[in-house]
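Residue numbers (UniProt numbering), protein chains in the order written: chain Z, 1 to 248; chain L, 1 to 248.
2 protein chains.
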Amino acid sequence: MHDTAVETRRERLRRSTTAEIKEIALRLLVEGGPSALTLRAVARQIGMAPNALYGYFASRDDLVVALRDDQYAALAQAARDGRDVAAAQGVDGRLRAWAHAVREWALENPTGWHLIFDGPTGGHRSAPCPTPPDGDFDMCMPLLEFAEATLPHSQLIAASTAYRWSDFDDALTERVRAALPDLPPEGIALGLRIWARLHGLVAFELDGRLRAPSTVAAAIYDDEITYLLRSAAADEMDNPPEDRSEER
Amino acid sequence: MHDTAVETRRERLRRSTTAEIKEIALRLLVEGGPSALTLRAVARQIGMAPNALYGYFASRDDLVVALRDDQYAALAQAARDGRDVAAAQGVDGRLRAWAHAVREWALENPTGWHLIFDGPTGGHRSAPCPTPPDGDFDMCMPLLEFAEATLPHSQLIAASTAYRWSDFDDALTERVRAALPDLPPEGIALGLRIWARLHGLVAFELDGRLRAPSTVAAAIYDDEITYLLRSAAADEMDNPPEDRSEER
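If you want it as structure tokens, here you go:
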């Protein structure tokens, strides 16, 4: 009993120190960019000997990976929350809510977005969504549900295409086939294409390539989603484009 | 006369040394990534004192910018060449050729692509195409010509959208309005969206997010283009999707 209590207290302390290290590291990144994040700078700010820090993170890369995983989890949660808010709206409404949640999270957490997609140690390396740290592909499910619902009567896939399951990441296809047994492999290709469109616009906006005011970037993003939903011509076309006059 | 000849010879020597420095710098980047490119490493490989190198490039950033501008020029040239090959095919054929030329250049020059779009000193920062070093927007003209030709009868723009010229980069709109007087501001928004789709897929493929064999990445890219052309429903629909059976 006594040993367990001591262990628990140590673990709690370790967890709290780890959280503090990550909080400081993220702030250094946000305020100064990749070059500002060094283990030495973290140690100085936390008032810890640099050597003690190695007991928590063996290298700068390990720390960056931990930050990236946290940011991925936050993005995935935001995307799920967006989908859940629109749970009653059918696949179209859920896709729209998901896409807006992704963009809004990115605008609020640009450093997190860069960490996930082009972080100093390289982004995640799988498709159609970024591979989450724990191999859970929940984040991209709204995309794939949309693909499943719209594929049979959609203009979105060219008829000449023949994809196979082996064309895609094994871990992803295994997860997708369990969750969406009616989705053909074309659905993954479609999910990838949709994700590339939305990801591309968010990345342009974050990188300042959409030099226009952010209301215009929002309008362009919304146009893309609206167009996507129209093209899919799903029965669940239950979300007509909003009137954006008050946004302009 | 004599002075001019001497000057010319000096200039020629300087040009040749500059070219050699850039060639070595690009090779260091290709082989070792951003951290391998240092002025010290370039000086060592070229057999020059580090101080002498500063007479050519005042800093590593200056050298990177010079490399990036070269790579941009090469990408723009490849895109133009692609368009020119399909000059007789109408706007659809030209867009398709342009898009394939962009992807092929990226696959052959991944370091160049990263330099242009997410290089160590940041990518170019304008839209809808990356801003070329000399402010010439020729690279994106096939996109905008396509937008101009298809906009009147296209499903690609949601009717509720009202864009203004002031929504976009001044240098770009000035250039576009001179070259394509009939294009409304919606055309720029559409160009951006198309570029985001294509750029997003190429970036996914280069970053290894499309883990599938490259023939599948090619098929997905081609699906997106085919779909784009169909949605645009242009009169010039003169390029039916090729039979890809021999590629698979």
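For each residue, glycine too, the CB sits at the ideal point set by N, CA and C.
Whole angstroms are fine: how far does the CA of L/Gln-71 sit from the CA of L/Arg-60?
Taking the straight line from one Cα to the other gives about 16 Å.
Residues in the same chain with beta-carbon distance under 8 Å from Z/Leu-206, minus the five sequence neighbours each way, listed in chain order, please.
Answer for Z/Leu-206: Ala-106, Leu-107, Pro-110, Trp-113 and His-114, listed in chain order.
At which residues does the alpha helix (DSSP H) containing L/Pro-50 begin and terminate?
Counting along the chain, the alpha helix (DSSP H) containing L/Pro-50 begins and ends at 50-53.
From L/Trp-98, L/Glu-224, L/Ile-24 and L/Leu-183, pick the residue whose C-alpha is nearest to that of L/Arg-44; which is it?
Here the closest residue by C-alpha is L/Ile-24.
Can you determine whether any heavy atom of the ligand NAD sits closer than 7 Å to the C-beta of Z/Asn-109, and answer yes or no?
Within the structure as shown, the ligand NAD is missing, as the structure has no ligands at all.
When you check each C-beta in the stretch 96-115 of chain L against every C-beta of chain Z, which residues fall closer than 8 Å?
Against chain Z - using a Cβ distance shorter than 8 Å - the stretch 96-115 of chain L contributes no residues.
Roughly how many whole angstroms lie between the Cα atoms of L/Leu-151 and L/Arg-96?
Using only the alpha carbons, I get a separation of about 17 Å.
Can at least three beta-carbon pairs, one atom from the stretch 216-223 of chain L and one from the stretch 217-227 of chain Z, be found at a separation below 8 Å?
Because the criterion of three Cβ pairs below 8 Å is not met, the stretch 216-223 of chain L and the stretch 217-227 of chain Z do not touch.
Quick one: grab the DSSP three-state call for L/Ser-59.
Note: L/Ser-59 maps to coil in three-state DSSP.
To which residues of the same chain is L/Thr-18 closer than 6 Å at the C-beta, ignoring the five residues directly before and after it?
These residues qualify, in order along the chain: Tyr-56.
When you compare the CB of L/Phe-146 with every CB in chain Z, is at least one pair closer than 8 Å?
So, not an interface residue.
Return the Cβ separation of L/Met-139 and L/Ala-196 in integer angstroms, given the expectation that the two are a contact with Cβ distance under 8 Å.
Between L/Ala-196 and L/Met-139 the Cβ distance is about 15 Å, and since that is not below 8 Å, they are no contact.
What does L/Val-64 touch in chain Z if you count any residue whose Cβ is under 9 Å from its own?
What L/Val-64 touches in chain Z: nothing, since even the nearest Cβ is about 14 Å away.
Measure the alpha-carbon distance for Z/Gln-89 versus L/Ala-41 and round it to whole angstroms.
Cα-Cα distance, rounded: 59 Å.
Exposed or buried, what is Z/Tyr-163 when buried is set at 16 or more other beta-carbons lying within 10 Å of its beta-carbon?
Buried, since its Cβ has 16 or more Cβ neighbours within 10 Å.
Look at L/Val-91 and L/Ala-149 and say whether their C-beta atoms are less than 8 Å apart.
In this structure, L/Ala-149 lies closer than 8 Å to L/Val-91 by Cβ.
Please identify the residue among Z/Leu-192, Z/Gly-208 and Z/Leu-198 whose C-alpha is closest to the C-alpha of L/Ile-194.
When only C-alpha atoms are compared, the closest one is Z/Leu-198.
Would you say Z/Gly-200 reaches chain L, if we count a Cβ-Cβ gap shorter than 8 Å as a contact?
Closer than 8 Å: yes.
L/Ala-171 to Z/Leu-13, Cα distance in whole Å?
Using only the alpha carbons, I get a separation of about 56 Å.
Which one of Z/Arg-10, Z/Ile-225, Z/Pro-34 and Z/Gly-200 has the shortest CA to CA distance from L/Leu-192?
If we check each option's Cα against that of L/Leu-192, Z/Gly-200 comes out closest.
Do you know how far the Cα of Z/Val-176 is from the Cα of Z/Ser-16?
Their Cα atoms are separated by approximately 36 Å.
Please look up how many angstroms separate the CB atoms of L/Ala-101 and L/Ala-79, rounded, as I've assumed it's under 8 Å.
At roughly 5 Å, the Cβ-Cβ gap stays under 8 Å, so L/Ala-101 and L/Ala-79 are in contact.
Of all Cβ atoms in chain Z, is any one closer than 8 Å to the Cβ of L/Ala-189?
Taking Cβ atoms only, chain Z reaches closer than 8 Å to L/Ala-189, which makes this a yes.
What is the DSSP secondary structure of L/Ala-178, reduced to helix, strand or coil?
Here L/Ala-178 sits in helix by DSSP.
Could you have a look at Z/Pro-184 and say whether DSSP puts it in helix, strand or coil?
The answer is coil: DSSP assigns Z/Pro-184 none of H, G, I, E or B.
Whole-angstrom Cβ separation of L/Lys-22 and L/Ala-52, contact assumed at under 8 Å?
With 8 Å as the limit, L/Lys-22 and L/Ala-52 do not qualify as a contact, their Cβ atoms being about 16 Å apart.
Where Z/Trp-165 and L/Leu-63 are concerned, what is the direct C-alpha to C-alpha distance, given to the nearest angstrom?
When rounded, the distance between both Cα atoms is 45 Å.
So with Cβ pairs under 8 Å, would you call Z/Ala-196 a contact of chain L?
Interface residue, yes.
Is the distance from the Cβ of Z/Gly-93 to the Cβ of Z/Leu-144 below 8 Å?
No, they are not a contact pair.
At the level of alpha carbons, what is the spacing between Z/Thr-38 and Z/Asp-69?
Rounded to the nearest angstrom, the two C-alpha atoms are 18 Å apart.
For the candidate residues Z/Glu-7, Z/Glu-11, Z/Ile-46 and Z/Arg-9, whose alpha-carbon lies nearest to that of Z/Leu-26?
Nearest of Z/Glu-7, Z/Glu-11, Z/Ile-46 and Z/Arg-9 to Z/Leu-26, Cα basis: Z/Ile-46.
Under 8 Å between the Cβ atoms of Z/Pro-185 and Z/Asp-167?
Closer than 8 Å, so yes.
If you run the structure through DSSP and keep just helix, strand and coil, what is L/Tyr-221?
Correct three-state label for L/Tyr-221: helix.
Measure from the alpha carbon of L/Ile-116 to the alpha carbon of each residue in L/Glu-7, L/Thr-226, L/Leu-183 and L/Ala-203, then state which is nearest.
Considering only alpha carbons, the answer is L/Ala-203.
Of all the CB atoms in chain Z, is at least one closer than 8 Å to the CB of L/Leu-228?
With 8 Å as the cut-off, L/Leu-228 does not count as an interface residue toward chain Z.
Residues in its own chain within less than 8 Å of L/Asp-182 by CB, not counting five upstream and five downstream?
Here the set comprises Glu-148.
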